[in-house]
Ligand SMILES: [Zn+2]
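Residue numbers (my numbering): 668 to 781.
In structure tokens, the structure reads:
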């Protein structure tokens with residue numbers, strides 16, 4: 668799981684990268700031919716929901732930290748909003764990779780062989 672999530676490699680063979688671009692997944696693993704796309708729509712929603720979850724936690728954490736230190740100020744709110752956006756941008760790749768691993772474990776992604 669960590670291999671796929673952190674390094675962005677195929678959940679089946681763990682040798683080939685599953686990303687073709689920054690946020691774009693390959694349709695199939697170039698090494699073991701695992702179907703990474705899955706059924707139509709399998710990839711929608713999940714990573715985005717996860718990303719917003721991570722963003723929300725990061726935003727609340729930043730706000731709690733800064734507000735307890737500097738009090739409730741306008742820039743504290745903006746810094747928290749910035750943390751949310753940053754966290755979503757930084758974690759989206761990991762969310763997508765984790766989601767791919769989860770789909771594989773759930774049996775949604777098939778094809779190829781070990
Ligand atoms: Zn593979």
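Even glycine gets a Cβ: it sits at the ideal position worked out from N, Cα and C.
ask   = Just curious, the alpha helix (DSSP H) that residue 784 is in, first and last residue?
value = Any question about residue 784 goes unanswered here, given that the chain covers just 668 to 781.
message = I need the residues with a C-beta less than 7 Å from some heavy atom of ligand 1; please give them in chain order.
response = Cβ atoms closer than 7 Å to ligand 1 belong to 677, 679, 680, 682, 683, 696, 698, 699, 701, 779.
message = One question on the structure: do residue 747 and residue 759 come within less than 8 Å of each other, judged by their Cβ atoms?
response = For residue 747 and residue 759, no; Cβs fall outside 8 Å.
query = Looking at residue 720 and residue 751, is the spacing between their C-beta atoms short of 8 Å?
reply = At the C-beta level, residue 751 and residue 720 stay beyond 8 Å of one another.
ask   = With burial defined as no fewer than 16 other Cβ atoms inside 10 Å of the residue's Cβ, what is the status of residue 673: buried or exposed?
value = Under this definition residue 673 is an exposed residue.
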